[in-house]
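A.B. asks: Mind having a look at this structure? Questions to follow.
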DNA sequence: GTCGAGATTATCT
DNA sequence: GATAATCTCGACC
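Numbering (our numbering), first residue to last: 66 to 235.
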């Protein structure tokens, strides 16, 4: 199946308070310290799986979290995996949803993106994108000081979920 | 459409 | 024992 990535978040390793690598290398984030082009998956909140792409050389821990995407091919399979989704745009709108739709599990952690299981390729033409503060990150890592969220404006698969700070109702 | 709270478990301190 | 890079459901506008 094919997925067009529409939203990501950057994590700059040990200098990023929101990164799993902020407190140093652990057993879980060991993959991020490895060579680039690999898949870093992790289990969070006791029930969700998220996928990252390692993008820094061995020894450093930067990665890109796949937050949302559009199912281009194999949408029927994605629908079976995401029964709760009412629309196609919901199939991969959100990090955990994206993993479910693609069938990514913890067992895929460390897999290469040029191997038989996964293949990553760049688009023929670059897409316009916007930047902003990250969401879902606890602590100071989720503030405007770390505007490392990138998405394609206007794309229906980009999550509006908690995209803006809670505002009081007058 | 938007807001608020609960669910549930691997991992880290 | 506390925490967490989230999702879903129910209530309200």
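Where a beta carbon is used, it is the ideal one built from N, C-alpha and C, also for glycine.
Since the structure is predicted, the reported quantities are computational estimates derived from the model, not experimental observations.
Quick check on residue 199: buried or exposed, where buried means 16 or more other Cβ atoms within 10 Å of its Cβ?
C.D. replies: The residue is buried, with at least 16 neighbouring Cβ atoms inside 10 Å.
A.B. asks: In terms of alpha-carbon separation, which member of 168, 132, 112 and 190 lies closest to residue 139?
C.D. replies: Comparing Cα-Cα distances from residue 139 to each of 168, 132, 112 and 190, the minimum goes to 168.
A.B. asks: So what's residue 173 in DSSP terms, helix, strand or just coil?
C.D. replies: Of the three classes helix, strand and coil, the one that applies to residue 173 here is helix, per DSSP.
A.B. asks: Quick check on this structure: which residue in 102, 125 and 202 has the alpha carbon closest to the alpha carbon of residue 180?
C.D. replies: Considering only alpha carbons, the answer is 102.
A.B. asks: According to DSSP, which residues form a beta bridge with residue 216?
C.D. replies: DSSP output for residue 216 lists 72 and 195 as bridge partner(s).
A.B. asks: Would DSSP call residue 165 helix, strand or coil?
C.D. replies: Reduced to three states, the DSSP call for residue 165 is helix.
A.B. asks: Could you check what DSSP says for residue 98 in three-state terms: helix, strand or coil?
C.D. replies: Here residue 98 sits in helix by DSSP.
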